[in-house]
Amino acid sequence: MQLLPDPQKIDAASTVERKLISDPASSSVERKLVGDPIFDYVLRLGDSPLILAQRLGEWVGHGPILEEDIAQTNVGLDLLGQARLWLLYAGEVEARCAPPGRSEDELAFLRDSGEFRNLLLVEQPNGNFADTMARQFLFDAWHLPLLRALARSRDGRIAAIAVKAAKEAAYHIERSADWVIRLGDGTDKSHGKMQAAIDDLWMYTGEMFMADPMELALIEAGIAADVRALEAPWRAHVEEVLAEATLTMPGASFMQQGGRRGVHTEHLGHLLSEMQVLARSHPGAQW
Amino acid sequence: MVTMVVHESQTRMHAASSESAPRPALAALWSAAAAVPDPEVPVLSVTDLGILRGIEWDSHDPELVAVTVTPTYSGCPATEAINAALRQALVAAGAQRVRIETHLSPAWTTDWITADGRRKLAEFGIAPPAARSPGAAIVDVSRLRRRERACADTIPCSRCGSARTERLSQFGSTACKAHYRCLHCLEPFDYFKPH
């Protein structure tokens, strides 16, 4: 079970100047991941689409209409494909410093929640359809510009995966922004649900734009994308869509963080238990 | 241009008849591989789709055929089926061993679908992809406005040709297709999305 970080520490760092806390008391998990920083960075890139794909998979057979059930799964499939490309590469990077390195399956199915580097936003439960689409929109509006920035990475493999994934993400945002507008500018009931969803998820958006010392070094080296530079355009874009949707942009608020350090909300463990149960109960199983 | 080997696998297959046969001509291997259909859109071959990028002899191993494939969508489940079918086709055409390399870069685009492929798509009832300018915007909100929604797309119906159509879903029966409905003949149809 994961504990959230000390709220006082978070408050101090998240209100005015939102710097990521470099936790001095790193857990054993933290130490295990110290090695090639590119390994950790690629996990950050791959874990968010992986976890979001798992969440979207939970919708199979439960969509409000057949077309959206299929669309939800298609987006999940794109994200799963992207996660596989990232984790495959992460395993190869790991092999360079700790041979033989782990396979994409080992990385997906045999890590515990403290070793996952996904954003807290994507592990949040599906809730109702508005909750799911709000989560998707807030993520997509960050994911697409991130991938476009990564297309200029000096790491050729990162750039190649990003170029490919960005094409897919462009379709994702078109759909999720459309749903935010349809529900926001819909009936009183759908408007209320979409506004509540945006408000509830807002505190998980802050960490998308924080870079810790490891990431800063990779930004310096031209390998990582500078997420800090993505915040202003993200806000402007979200504001534009919310205005079109007749929704209110949440004000400055407390921002939760921790995903990049493996400190997650209580939801991730439950998600992993379902995602990993087969691979863990039947090691090496094939289907 | 960056080309990367992301996945490499090799198969060792010995067809009894080809043990000591001379190695086949590259052109013969090409035509064998080019006949492999896409399992999701069977009217299209891997060459129509533009995902078969190269076939050549390995520079070190004279019996090894190296095939280059660029996947369409990252999560497309057809990718593995296509690789297996390619392997089978090449072995049947006399290749001793086959290595399939997946190249991510340059990324596949619907621009690589051949003119022949576009014609086959239309005949099959799938509207071929229109040109798409990527644009720098995250998403063009003006296209999502409720009132302008009905006229945002002008994808002609693949059955009756009417321009009065509407999009039901950006994601249709597969990741590469959107789901449309014709407002004239009232038939639903698939649209192969520009990518």
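Taken in sequence, the protein lines are chains S and G. Under numbering that gives the first Met the number 0, the first sequence has 250 at position 251, and the numbering climbs by one with no breaks. Under numbering that gives the first Met the number 0, the second sequence has 56 at position 57, and the numbering climbs by one with no breaks. All residues carry an ideal CB built from backbone N, CA and C; glycine is no exception. All values derive from a computational prediction rather than experimental measurement.
- Task: Can you have a look at Leu270(S) and say buried or exposed, based on whether 16 or more other CB atoms are within 10 angstroms of its CB?
- Result: When all chains shown are included, Leu270(S) counts as buried.
- Confirm, please, whether the CB-CB distance from Glu239(S) to Met248(S) is below 7 Å. no
- Message: Counting only beta-carbon separations shorter than 7 Å, does Glu16(S) have a partner in chain G?
- Response: At Glu16(S) the pLDDT is 32, less than 50, meaning the model places this residue with poor confidence and gives no usable figure here.
- Message: On the DSSP bridge list, what partners appear for Asp199(S)?
- Response: None, per the DSSP bridge assignment.
- Asp189(G) - partner residues in DSSP beta bridges: Ile125(G), His178(G)
- Item | Test item: CB-CB of Ala84(G) and Val35(G) under 7 Å | yes
- Could you give the distance in angstroms between the alpha-carbon of Gly93(G) and the alpha-carbon of Leu25(G)? 11 Å
- Taking only runs of the alpha helix (DSSP H) that begin and end inside the region 159-236 of chain S, which ones reach a length of at least 4 residues, in chain order? Listed in chain order, the complete alpha helix (DSSP H) runs (minimum 4 residues) inside the region 159-236 of chain S are 187-200, 212-219.
- Residue nearest to Val140(G) in terms of C-alpha spacing, selected from Ala251(S), Asp177(S), Thr72(S), Gln255(S): Asp177(S)
- Message: Would Ser73(G) pass as an interface residue toward chain S - the criterion being a Cβ-Cβ separation below 7 Å?
- Response: yes
- Query: Would you call the region 183-197 of chain S and the region 127-134 of chain S touching, i.e. three or more CB-CB distances under 8 Å?
  - Reply: At 8 Å Cβ cutoff, the stretches touch.
- Beta-carbon separation of Ala70(S) and Phe170(G) under 7 Å? yes
- Item | Glu93(S), DSSP secondary structure in three states | helix
- Message: Taking the beta carbon of Ala140(S) as the centre, do at least 16 other beta carbons fall within 10 Å, making it buried, or is it exposed?
- Response: Counting Cβ neighbours within 10 Å, Ala140(S) comes out buried, since at least 16 surround it.
- Would you list, in chain order, the members of the region 100-127 of chain G that have their beta-carbon closer than 9 Å to a beta-carbon of chain S? His102, Leu103, Ser104, Pro105, Ala106, Trp107, Thr108
- Query: In chain order, what residues of the same chain lie with their CB nearer than 7 Å to the CB of Asp46(S), ignoring the 5 residues before and after it?
  - Reply: Phe115, Arg116, Asn117
- Message: Can you tell me whether Ile180(S) is buried or exposed? The criterion is at least 16 other CB atoms within 10 Å of its CB, across all chains shown.
- Response: buried
- Message: Quick check: the Cα distance between Phe108(S) and Ala223(S), rounded to an integer number of angstroms?
- Response: 26 Å
- Query: Would you say His236(S) faces chain G, with C-beta separation under 7 Å as the test?
  - Reply: yes
- Query: Would you call the region 138-152 of chain S and the region 218-234 of chain S in contact, with 3 or more CB pairs under 8 Å?
  - Reply: The region 138-152 of chain S vs the region 218-234 of chain S: in contact.
- Query: Where does Ala149(G) land, buried or exposed, given buried means 16+ other C-beta within 10 angstroms?
  - Reply: Reliability fails at Ala149(G), whose pLDDT of 49 lies under 50, so the model's placement of it is uncertain and the value that follows must be treated cautiously. With fewer than 16 neighbouring CB atoms inside 10 Å of its own CB, Ala149(G) falls in the exposed class.
- Item | Buried or exposed by the 16-neighbour rule on C-beta atoms within 10 Å, applied to Gln53(S) | Buried, by the Cβ-count rule.
- Item | Option nearest Val74(S) by Cα separation, candidates Ile157(S), Leu267(S), Pro212(S), Gln135(S) | Closest in C-alpha terms to Val74(S), from the list Ile157(S), Leu267(S), Pro212(S), Gln135(S), comes Gln135(S).
- Item | Coarse secondary structure for Glu39(G), derived from DSSP in three states | coil
- Task: Starting from the C-beta of Val28(S), find all residues in its chain whose C-beta is less than 8 Å away, skip the five residues before and the five after it, and write them out in chain order.
- Result: Unreliable placement is indicated for Val28(S), whose pLDDT of 40 sits below 50; the coordinate value is still reported in the next sentence. So the qualifying residues of the chain are Asp111, Gly113, Glu114, Gly261.
- Task: Note down the Cα distance separating Leu215(S) from Ser252(S), rounded to an integer number of angstroms.
- Result: 25 Å
- Message: Helix, strand or coil for Trp56(G)? Go by DSSP, reduced to three states.
- Response: strand
- Pick helix, strand or coil for Ile9(S), following the three-state DSSP scheme. Low confidence applies to Ile9(S): its pLDDT is 38, below 50, so where it sits in the model is not reliable, and the reading given next is rough at best. The answer is helix: DSSP assigns Ile9(S) an H, G or I state.
- Query: Within 10 angstroms of its Cβ, does Ala220(S) collect 16 or more other Cβ (buried), or is it exposed?
  - Reply: exposed
- Task: Mind listing the chain G neighbours of Lys192(S)? Cutoff is C-beta to C-beta under 7 Å, in chain order.
- Result: Identification of chain G residues near Lys192(S) by a Cβ-Cβ cut-off of 7 Å yields none; the smallest Cβ-Cβ distance measures about 18 Å.
- Message: Let me check one thing: in DSSP terms, what residues is Leu51(G) bridge-paired to?
- Response: Val68(G), per the DSSP bridge assignment.
- Can you list the residues of chain G that Lys166(S) reaches, using a CB-CB cut of under 7 Å? Ala106, His194
- Query: Using a Cβ-Cβ distance under 7 Å, would Ser157(G) count as near chain S?
  - Reply: no
- DSSP state of Arg166(G), grouped into three classes? strand
- Query: Does Ala174(G) have its Cβ less than 7 Å from a Cβ in chain S?
  - Reply: yes
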